[in-house]
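Chains as they are written, first to last, in our numbering: chain P, 1 to 262; chain U, 1001 to 1306; chain L, 2001 to 2401. All C-beta atoms, glycine included, are put in the ideal place defined by N, C-alpha and C. All remarks here apply to the structure that follows.
Next up, the structure:
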């Protein structure tokens, strides 16, 4: 099968510091892929390059957009990348904290809707229909993450775990083909993590691909079809969970001498 | 306009540019120090400079009335200006900026704009909105007589005094404990706090030093031009801010460099081209730098962390 | 309630301010007659005021802390939230709204033309405030040169009328569009700047436009301005000055109603949501597929649009324009309206404009201290109530099934 996303020799320099060094990675449709590595390995930088937050110094990012073959997305603006079907969450939650929970999800619909100033002022039937669609889809997404009854509270008043789920719902509202999750389980309790696992599996069942940065090894091993390991801006290993689990290079570089099954 | 030899005219303009640049530098340093340490464009900084000029005027009038000799008046008036301006800067930070240190970025800026409007009108109500003649405090030097028309003694005093002020500041920042603490706070406020630096105190000191320098600039320029009013702070503030941005805001050598560049370009532009659009020129320069090179000449471009 | 420590602190603060204000408030020199006036009473007034104010502030703060603790136990019993829930009730807000409307409709019949003129001005600031609110309050872009668009509107009317004899009604939309175009032209290069730089650049642009108007006499008639601008016409009828003033007032009222209608609809639309989101977090905004530059640009242009139209009203009401009316202070006053009223809150801004413009007119005692109070308002609002007197209420949604 043709990969959904293929990254070739991706390199990113900040001044004299090389944060990413010729990283290669492929994601196939319907796969959950994890990106792991110690802090400062360059995982978030990698995300930022994919999503257009940074313009990579070198290499190519090809996105297979709606089966029409690879489209180079290096240096595209973040909003263009999102329109092409890549949506993300943030490591340090970036919700619109003074907007309601529902509105946060509604913002995600922005790039899939079209009404303009004219429609906003005159509220023609097309605009009203579109608005209803936005509300309907957003409510459905809130139900899916179990926050429908909190729709009208401020996002900042949600508990931490709920905020992380809301970020996922907001990203899903943009109708992505590839969802990038940056440490979605950080700060969650075991119960919340379990629910998150189910959510991620159900997203996969919808046919989406997921790229995941995560430190919770139990979660990574349980979810992933394929794992990439990074250290000091390089990819040091890849493979199935089992292959990675027993890869001596990974154990040495990433976990020191500790056991991976922690 | 060309009343004497082109070369002499050129030198005269150069001196005039350097003089302007010195004054801008004294104000720009305050902007850049405050920006470096708390990331705030202290919009009311120009007002501090204006208050400095007013204080000097009042002090010199009172001292003249008391019959003191001219050099004593000059020094005491300058001292009074520096002390009171510093006090205003210190109080302003405590009232208008300290409570907003963790607020969204625009809040302290709006507060600073409010402070600027407040101080202007305070001076208007307490003193006057009219121009006040400023006494010639700086004596004429005999040894400059042969060069009259090229460089005046006020120019010379401004150049020397402001240079001394700047060197003093650099030494303070480079070699004293306070200076080190200031640099540390500018780099990382939280870390500085963890290392036992009294960040509040350092910020206060920054405001005090910046305000003192601005007041010095106020006294010098007032005795150079010979009159002041309450609006001098606004224009001078914008120009000094332009200079600070030109050099790279947050960078102290940058502020000095930017000020001299701005002073010289202004002097040559008004001397050789036209003085009608003098202020438009400074504003346009500011807009162009911010659009095309917001990091300035010596500043570093920063990448926003995601 | 107050301890000895509080009193000592207040005393110190009083003394400090007596020292601080000593040269400027106490000594007044007359450099022409070479006399010095000593105003010692000012010193003691300042000392006393600061002493009392500090004590009041301290006890007030303590009361507030206590009240907050009580509030935590008695949730939702706070007066403001109770008023708000009542206001949302149709039985309450419809009669209230009609009462307010009635007041404004009957205003010119009950008060003098002088007062009608003042009210017209206040309403103009409502439009300006609502326009700037789109930019500052909703989209979170601090525009310190808003007055430039106001000037564009006023001069459009003055010049188009002078050279081409165009009337009020023709110019009104044209000026709005011209101002919006200016907004786009200005916004295009500057909107990628960070918030505080944007503020300074817009300030710069505002000042440049004013200075150009002042210096380019062939175009703008320089500092002397343009006079004899016609007042708004009514189907070619000849109106007396009085009638004309009252007519302008009603037009201004319609304008305000129109502005409220449009701004309200914009805020609750796809674009309005994008603006709010931009204010909250522009990085997340882009990651959600929102074109940052374009969204900022629409906010900027739409904000400018209202300033342009208000400018036409300004020129028509005063029959005279000059660069003096478009200084930075004017921008600051409009900003003050938005900040006092509450960024993003329509009702708040209407109240803010009325308070800030009418209060100094009716309380003569304040009018001298007008700008002083405006400056202090900006500082105090940021510290004590950054959300303004009426904070934004987010719209709530229910799912129709």
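Which value, in whole angstroms, describes the spacing of the CA atoms of residue 1064 (chain U) and residue 2144 (chain L)?
Whole-angstrom Cα-Cα distance: 42 Å.
Less than 8 Å separating the beta-carbons of residue 2230 (chain L) and residue 2161 (chain L)?
yes
Between the beta-carbon of residue 2175 (chain L) and the beta-carbon of residue 2303 (chain L), is there less than 8 Å?
no
So, residue 166 (chain P) versus residue 147 (chain P), is the Cβ gap smaller than 8 Å?
yes
Kindly indicate which residue of L:2248, L:2395, L:2265 has the alpha-carbon position closest to the one of residue 2119 (chain L).
L:2248
Residue 238 (chain P) lies in the beta strand (DSSP E); which residues open and close that run?
234 to 239 is the span of the beta strand (DSSP E), which, as asked, contains residue 238 (chain P).
Just the C-alpha distance for residue 1139 (chain U) and residue 1153 (chain U), rounded to the nearest angstrom, thanks.
7 Å
How about residue 1103 (chain U) and residue 1081 (chain U): are their beta carbons less than 8 Å apart?
no
Could you tell me whether any Cβ in chain L is nearer than 8 Å to the Cβ of residue 1121 (chain U)?
yes
Using C-beta distances below 7 Å, list every residue in its chain close to residue 2018 (chain L), excluding the 5 sequence neighbours before and after it, in chain order.
2043, 2046, 2047
For a contact meaning CB atoms closer than 9 Å, what does residue 2024 (chain L) contact in chain U?
Ordered by position in chain U, the residues that pass the 9 Å Cβ test against residue 2024 (chain L) are 1051, 1054, 1055, 1058, 1084, 1122, 1123, 1126, 1127.
Is residue 1203 (chain U) near residue 1093 (chain U), with beta carbons less than 8 Å apart?
Closer than 8 Å, so yes.
Would you mind reading off the limits of the beta strand (DSSP E) that contains residue 2314 (chain L)?
No beta strand (DSSP E) holds residue 2314 (chain L); the alpha helix (DSSP H) holding it covers 2292 to 2318.
For residue 1099 (chain U), go through chain L and note every residue whose CB falls closer than 9 Å to its CB, in chain order.
2382, 2383, 2384
Using Cβ-Cβ distances below 9 Å, what residues of the segment 1099 to 1115 of chain U are close to chain L?
1099, 1100, 1103, 1104, 1105, 1106, 1107, 1108, 1109, 1110, 1111, 1112, 1113, 1114, 1115
Tell me whether residue 214 (chain P) sits in a helix, a strand or coil according to DSSP, three-state version.
coil
Roughly how many whole angstroms lie between the Cα atoms of residue 2091 (chain L) and residue 2100 (chain L)?
Cα to Cα, residue 2091 (chain L) sits roughly 15 Å from residue 2100 (chain L).
Assuming residue 1257 (chain U) and residue 1298 (chain U) are in contact, meaning their beta carbons sit under 8 Å apart, how far apart are those beta carbons, in whole angstroms?
Indeed, because the Cβ distance is near 7 Å, the residues count as touching under 8 Å.
Hey, is residue 2271 (chain L)'s beta-carbon within less than 8 Å of any beta-carbon in chain B?
In the structure shown, chain B cannot be found, because the protein chains are P, U and L.
Do we get a CB-CB distance below 8 Å when we pair residue 197 (chain P) with the residues of chain L?
no
Give the DSSP-derived three-state secondary structure of residue 32 (chain P) in the structure shown.
strand
For the beta strand (DSSP E) that residue 2343 (chain L) lies in, which residues bound it at each end?
Element bounds for residue 2343 (chain L): n/a, residue is neither H nor E.
Residue 2274 (chain L) touches chain P at which residues, Cβ-Cβ below 9 Å?
By Cβ distance, chain P contributes 107, 110.
Rounded to whole angstroms, what's the CA-CA distance from residue 2346 (chain L) to residue 2130 (chain L)? Just pull it up for me.
7 Å
Can you have a look at residue 2377 (chain L) and say buried or exposed, based on whether 16 or more other CB atoms are within 10 angstroms of its CB?
Flag for residue 2377 (chain L) reads buried.
Starting from residue 2299 (chain L), find everything on chain U with Cβ-Cβ shorter than 8 Å and list it in chain order.
In chain order: nothing, as chain U lies at least about 15 Å away.
Along the chain, where does the alpha helix (DSSP H) that runs through residue 199 (chain P) open and close?
190 to 205
Just the C-alpha distance for residue 100 (chain P) and residue 2258 (chain L), rounded to the nearest angstrom, thanks.
So the alpha carbons of these two residues sit roughly 28 Å apart.
Does residue 2404 (chain L) pass the burial test, meaning 16 or more other C-beta atoms within 10 Å, or should it be called exposed?
There is simply no residue 2404 (chain L) to check, as chain L begins at 2001 and stops at 2401 in what is shown.
Would you give the residue range spanned by the beta strand (DSSP E) that residue 24 (chain P) belongs to?
That run of the beta strand (DSSP E) goes 17 to 27.
Within its chain, find whatever has a CB closer than 8 Å to the CB of residue 2074 (chain L); leave out the 5 residues flanking it on each side and keep chain order.
For residue 2074 (chain L), the predicted structure reports a pLDDT of 48, less than 50, and the residue's modelled location is therefore unreliable. A value from the coordinates is still provided. Within the same chain, residue 2074 (chain L) has no close Cβ partners at all.
Under 8 Å: do the segment 85 to 100 of chain P and the segment 115 to 125 of chain P share three or more Cβ pairs, one atom per stretch?
no
Please report the distance separating the alpha-carbon of residue 2456 (chain L) from that of residue 1111 (chain U).
This structure does not reach residue 2456 (chain L), given that chain L is present from 2001 up to 2401, and the question cannot be answered.
Quick check: the segment 1172 to 1187 of chain U against the segment 1213 to 1231 of chain U, are there 3 or more CB pairs under 8 Å?
no
Can you give the Cα-Cα distance for residue 2331 (chain L) and residue 1210 (chain U), rounded to whole angstroms?
Cα to Cα, residue 2331 (chain L) sits roughly 28 Å from residue 1210 (chain U).
State yes or no: is the beta carbon of residue 213 (chain P) nearer than 8 Å to at least one beta carbon in chain L?
no
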